[in-house]
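S.K.: Got a structure here, written out as structure tokens. Questions coming.
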Amino acid sequence: MSGSTIVPWVIGNWKMNPAWASSQQWIEQFKQHLQQSPILEQQCHLAVAPTAIALNRVQVQLDNAPRTVHTVAQDVSRFSGTGAFTGEISATLLADSQIGYVLIGHSERRELLGDTPDVLKAKITQALAEGLTVIYCVGETLEQREQGVAEQVVLQQICDVATVISEQHWQNQMIIAYEPIWAIGTGKTASAQDAQAMHEKIRAGLAQLSPAGQQVAILYGGSVKPENAQELAACPDINGALVGGASLNAESFYQIAQAFAANQS
Ligand code: 13P
31 MSGSTIVPWV IGNWKMNPAW ASSQQWIEQF KQHLQQSPIL EQQCHLAVAP TAIALNRVQV
91 QLDNAPRTVH TVAQDVSRFS GTGAFTGEIS ATLLADSQIG YVLIGHSERR ELLGDTPDVL
151 KAKITQALAE GLTVIYCVGE TLEQREQGVA EQVVLQQICD VATVISEQHW QNQMIIAYEP
211 IWAIGTGKTA SAQDAQAMHE KIRAGLAQLS PAGQQVAILY GGSVKPENAQ ELAACPDING
271 ALVGGASLNA ESFYQIAQAF AANQS
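Under our numbering, the first residue of the sequence shown is numbered 31, with each subsequent residue one higher.
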């Protein structure tokens with residue numbers, strides 16, 4: 031089933047980058063690109079995920095961009111509200127700062143920072159309760175792909191958290207990002223065919239969980255760059271990109287967004 035009626039999302043995940051001066055420069059360059067050659071809202075949603083320390087400053091600087099560019103938190107606490115949780119940022123506080131989006135389940139957090147399925151479930155619960163939109167990341171390791179269990183692993187990662195996601199949440203507050211771990215930061219991209227095949231399986235899995243699953247945006251992430259964006263954008267079930275390395279360059283990120291937007295016009 032094609033998801034091509036879904037407006038794509040192109041989201042830059044800046045990870046633990048960059049220093050503030052470079053962010054400022056990036057934003058000014060990106061605004062200029064949007065000014066010179068606009069990307070319409072109905073063609074593509076745009077967003078960046080800076081470090082927590084820069085979130086609000088980036089948001090303020092993007093306020094006067096020629097169009098909406100959302101700001102996304104890279105993580106959220108599994109604890110709610112306010113209180114004695116040193117170093118944590120709750121969904122309550124993100125919402126309070128008008129941050130409406132959050133990445134949850136990125137493989138770097140699963141592999142390096144102890145985000146187990148139970149932790150992810152708690153984080154999603156908090157984020158959804160505060161009205162945030164969750165970009166839930168899934169993806170298999172190279173070993174799992176070679177063993178032929180990639181699809182099973184990815185669908186299980188969705189099932190792990192599905193019990194806390196209602197029909198309404200699927201409809202309004204959920205985005206999935208498929209990021210094969212072996213393609214992250216390696217320069218290796220899943221071929222458009224392999225990515226599309228997995229996205230189709232994910233869509234079928236989502237449709238089983240909820241009728242709204244058909245309309246959930248499923249983004250691809252893993253060495254997306256201007257050179258491969260067009261081919262990925264042309265796939266019916268790839269509804270955008272979660273971009274790491276190439277998003278640190280304003281022009282590359284803009285070109286990737288253009289590729290997805292062009293596919294909608
Ligand atoms: P790269 O685009 O650098 O491979 O990173 C992908 C990613 O992890 C985005 O979340």
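We put the CB at the ideal spot given by N, CA and C, even for glycine.
Pull up the distance between the alpha-carbon of V132 and that of L70, whole angstroms please.
M.R.: 23 Å
S.K.: With L172 and W212 assumed to form a contact (beta carbons below 8 Å), what rounded beta-carbon distance in angstroms separates them?
M.R.: 4 Å
S.K.: Per DSSP, which residues does Y166 bridge with? Please list them.
M.R.: In the DSSP output, where bridge partners are listed per residue, Y166 has I134 and I206.
S.K.: What is the residue span of the alpha helix (DSSP H) that L185 lies within?
M.R.: A180 to A192
S.K.: To which residues of the same chain is A264 closer than 8 Å at the C-beta, ignoring the five residues directly before and after it?
M.R.: A222 and N293
S.K.: Report the residue from T81, C74 and Q260 whose alpha carbon sits nearest the alpha carbon of L278.
M.R.: T81
S.K.: Could you give the distance in angstroms between the alpha-carbon of L158 and the alpha-carbon of M228?
M.R.: Going by C-alpha positions, L158 is about 26 Å away from M228.
S.K.: Using a Cβ-Cβ cut-off of 8 Å, state whether P68 counts as contacting chain D.
M.R.: As a matter of chain content, chain D is missing from the structure shown, which is built from one protein chain.
S.K.: By DSSP, does W212 sit in helix, in strand, or in coil?
M.R.: helix
S.K.: Tell me whether N43 is buried or exposed, calling it buried when 16 or more other Cβ atoms sit within 10 Å of its Cβ.
M.R.: buried
S.K.: Quick one: is A198 buried, meaning 16 or more other Cβ sit within 10 Å of its Cβ, or exposed?
M.R.: Inspection of the sequence shows that residue 198 is occupied by Gln rather than by Ala. The residue is exposed, with fewer than 16 neighbouring Cβ atoms inside 10 Å.
S.K.: Given a threshold of 16 other Cβ atoms within 10 Å of its Cβ, counted over all protein chains shown, does Q65 qualify as buried or as exposed?
M.R.: exposed
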